[in-house]
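In terms of this note's numbering, the sequence shown opens at residue 91 and continues consecutively.
Don't be surprised by glycine CBs; every beta carbon is placed ideally from N, CA and C.
It should be emphasised that the depicted structure is a prediction, and the values quoted were computed from it without experimental measurement.
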Amino acid sequence: MNWQSLLGLCAFLAMAWLLSENRRRVNYRLVATGILLTLVTAWCLVKIPLSREVFILLNRLVLALQEATLSGASFVFGSLGGGPLPFVEAYPGSSFILAFQALPMVLVVSALSSLFFYWNVLPVVVRVFSWGLQKTMRVGGAEGLSNAVNVFVGMVEAPLFVRPYLGRMSRSELFSV
91 MNWQSLLGLC
101 AFLAMAWLLS
111 ENRRRVNYRL
121 VATGILLTLV
131 TAWCLVKIPL
141 SREVFILLNR
151 LVLALQEATL
161 SGASFVFGSL
171 GGGPLPFVEA
181 YPGSSFILAF
191 QALPMVLVVS
201 ALSSLFFYWN
211 VLPVVVRVFS
221 WGLQKTMRVG
231 GAEGLSNAVN
241 VFVGMVEAPL
251 FVRPYLGRMS
261 RSELFSV
């Protein structure tokens, strides 16, 4: 057993409890279900080759989207967008410019999520997540989808997938997203 991982899990649980607004209302059964679900998911990813391959495929899709976005940004903005520099970079990473290299990815994910919502793909995915997470964690589908997508695209782009649902979310769901 990896004691460092167990200590990290306990530290995160303690921080969440200490930073909560109402410590008396903590649902320990829900916390235990979440930890158990995390451990089962980790076991599936480590022990079942098919589930590992599915997540690797999803990761490849996101990386391909990221590479295509970077290629487009470097085509439009040149070296500002991530293209070859016309000078020697003094410090590694000093040529990164947020507006020309990171924000194009946010725009692409926003456009794709709007397109998937228009095609009724995203509502179906949200309903599937809603059904599964409502049964196990008593969490809404939009909140669960945003948190799951966060693993693949990042915390800036993840809320864009559930943008049409943000107006109907509770305060706690918004904090989770």
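- Boundaries of the alpha helix (DSSP H) around M195: 193-208.
- DSSP, read as helix, strand or coil, puts L120 in helix.
- Within 10 angstroms of the beta-carbon of M195 lie 16 or more other beta-carbons, which makes it buried.
- V214 and A104 have their C-alpha atoms spaced approximately 36 Å apart.
- Under the three-state reduction of DSSP output, Y255 falls in the helix class.
- Distance check between S161 and each of R150, P174, V239 places P174 closest, using alpha-carbon atoms only.
- DSSP places N112 outside both helix and strand once states are collapsed to three, so it counts as coil.
- Annotated three-state conformation of F186 is coil, per DSSP.
- Taking all protein chains in view, the Cβ of L153 is surrounded by fewer than 16 other Cβ atoms within 10 Å, so the residue is classified as exposed.
- Inter-residue distance for S184 and G172 is about 11 Å (C-alpha atoms, whole angstroms).
- Here S266 carries a helix assignment [DSSP, helix/strand/coil].
- Fewer than three pairs of CB atoms, one per stretch, sit closer than 8 Å, so the region 239-249 makes no contact with the region 222-231.
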